[in-house]
Every structure is written in C-alpha cells, then in structure tokens.
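In the numbering used here, the protein residues as written are 17 to 249.
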C-alpha cells in the first residue's frame, strides 16, 4: 500500500513536531519513514497509519530523531561542504587565473605609483563594507521564505555561514599587523606586492563566497528538491 499525499504531509508535520528544523533533513526522515510504513503494511495491512508510524518512531529510541538528526546533519554538512569546495575550485579556470595575475600586477603598479596608507585603508574598508548588502539581502530572503513556507534549508544556512566567516572581517586587521604598513610611508616592492595579492585575493574570495557559490547552491537545491524551485517562482 502506498502512502497518500496527505499522509506524506503528516510525516513532514510529525518531523517538525519532533524538532527536526531543516527541510532537507525532514525529507530524508520522511523518505525513511514512508518506506518503513509501506513495508510494514505489506506484512500487517490491518494496522492504521498512526499505529505504524508510532511503531516506527519507537525504533528510534528514547531520544527520538535526535541522534539520527545529528548524524545526518553532520553527513549533509560534509556533503554540502564538498559541493561548495568543488564550486570554489571550479571557478579558477586557466583564463581566470591569468586574469587574476593581471589584476594583481595592475593593483601593484597602481600602489607603486599612488600608494598612501589612506588609500590602502580605504580599500580594506570598502572590501569589508561590500559584504554587508549581500549578507543583508540573503538573510532577508531566508527569513521571508521561512515566513511564507515554514521551511528552512540546511544547505542555505551553510552557504550563509560561509559569508559570515569571521576571517572575512578579521583577516584584513591581522594583515595590517603582519606587514606593519602603518609604520612606513614608503613600503618596499615586496610589501606592495603582498598588499596587491591580498586585495585581489580578498576581493575574489568575497565575490565567490557571496555571489558565485550561493547561485550554484540554489541551482543544486532546485535540482534535488523540486519544491524548492516552486517556492522561488
């Protein structure tokens, strides 16, 4: 006997009532419970849906879904991190690596000609400030989707956490301390090259983490979970 759409929806409600927060985790549990219920019905067709559901739920032990959710959250987290890392590496094709090299040289020669400590500090300030609109709109989009659908996605949260990594803000501060550029108004070519490398690298990291990877993640969610695509129409 196959479960009806209404019964599938009941399973989703059941997982939420037992503190499974993320929809992608809920989906895995619903698939497991649905298969288990259908298998049980083949052997005991007289049992009601609620009876079979409670029987299957008891198999999870006194902590319910907690242990399974923790292990699956770790597993999904690793899977999603691999996807992110693959997308990150995939960005650096040969043409983009060459372009990055030209950008570093362009910034180097600009600093060599026009360097002042104020210019470098303004560049660092701009890099940090440029993250805020992306983070604001992404967080707003997640909250709006949760209000409209009641669903939040683990993958979205992982992607958002990449964008709020402390290193995106702390690293520029440490960089000032490492090369101590504030102690000289005429830094060496090596120091200028390090500044150029840092500025371009930080700019690329921010662009990839806040723009490229979220768009790839959205495409993955639409492909894996059709309901995600429907929510974003």
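Using N, Cα and C, we set each Cβ at its ideal position, and we do this for glycine too.
When you compare only the Cα positions, how much space is there between residue i and residue j?
i: residue 232; j: residue 103; result: 7 Å
i: residue 211; j: residue 151; result: 25 Å
i: residue 42; j: residue 125; result: 54 Å
i: residue 229; j: residue 100; result: 7 Å
i: residue 144; j: residue 79; result: 43 Å
i: residue 50; j: residue 19; result: 7 Å
i: residue 1; j: residue 138; result: The displayed coordinates of the chain run from 17 to 249. Any statement about residue 1 would go beyond what the structure contains.
i: residue 25; j: residue 118; result: 54 Å
i: residue 92; j: residue 83; result: 14 Å
i: residue 32; j: residue 38; result: 9 Å
i: residue 66; j: residue 172; result: 32 Å
i: residue 111; j: residue 69; result: 55 Å
i: residue 168; j: residue 158; result: 7 Å
i: residue 235; j: residue 205; result: 43 Å
i: residue 160; j: residue 133; result: 42 Å
i: residue 224; j: residue 177; result: 14 Å
i: residue 153; j: residue 142; result: 18 Å
i: residue 22; j: residue 86; result: 27 Å
i: residue 155; j: residue 61; result: 47 Å
i: residue 113; j: residue 106; result: 11 Å
i: residue 213; j: residue 127; result: 12 Å
i: residue 131; j: residue 209; result: 12 Å
i: residue 147; j: residue 163; result: 25 Å
i: residue 77; j: residue 36; result: 16 Å
i: residue 44; j: residue 140; result: 43 Å
i: residue 222; j: residue 63; result: 55 Å
What does the Cβ neighbour count give for residue i, buried or exposed, with the cut at 16 atoms within 10 Å?
i: residue 94; result: exposed
i: residue 98; result: exposed
i: residue 53; result: buried
i: residue 198; result: Residue confidence for residue 198 is low, a pLDDT of 48 falling below 50, so the modelled location carries little weight and cannot support an answer.
i: residue 47; result: exposed
i: residue 108; result: exposed
i: residue 129; result: exposed
i: residue 149; result: exposed
i: residue 227; result: exposed
i: residue 136; result: buried
i: residue 30; result: buried
i: residue 203; result: buried
What is the DSSP secondary structure of residue i, counted as helix, strand or coil?
i: residue 125; result: helix
i: residue 35; result: coil
Residues in its own chain within less than 6 Å of residue i by CB, not counting five upstream and five downstream?
i: residue 174; result: 96
i: residue 73; result: none
i: residue 218; result: 143
Can you list, in chain order, the residues of its chain with a C-beta nearer than 7 Å to that of residue i? Leave out the 5 residues immediately preceding and following it.
i: residue 220; result: 116
i: residue 166; result: none
i: residue 34; result: 80 and 81
i: residue 28; result: 42 and 46
Could you pull out every residue in the same chain whose Cβ sits closer than 8 Å to the Cβ of residue i, ignoring the five residues on either side in sequence?
i: residue 216; result: 116, 119, 120 and 123
i: residue 89; result: 38, 41 and 170
Alpha helix (DSSP H) runs wholly inside the segment 70-107, at least 4 long, in chain order:
Runs of the alpha helix (DSSP H) lying entirely within the segment 70-107 and spanning at least 4 residues, in chain order: 82-107.
Residue ranges of each alpha helix (DSSP H) within the segment 197-237, 4 or longer:
Fully enclosed alpha helix (DSSP H) runs of 4 or longer: 205-223.
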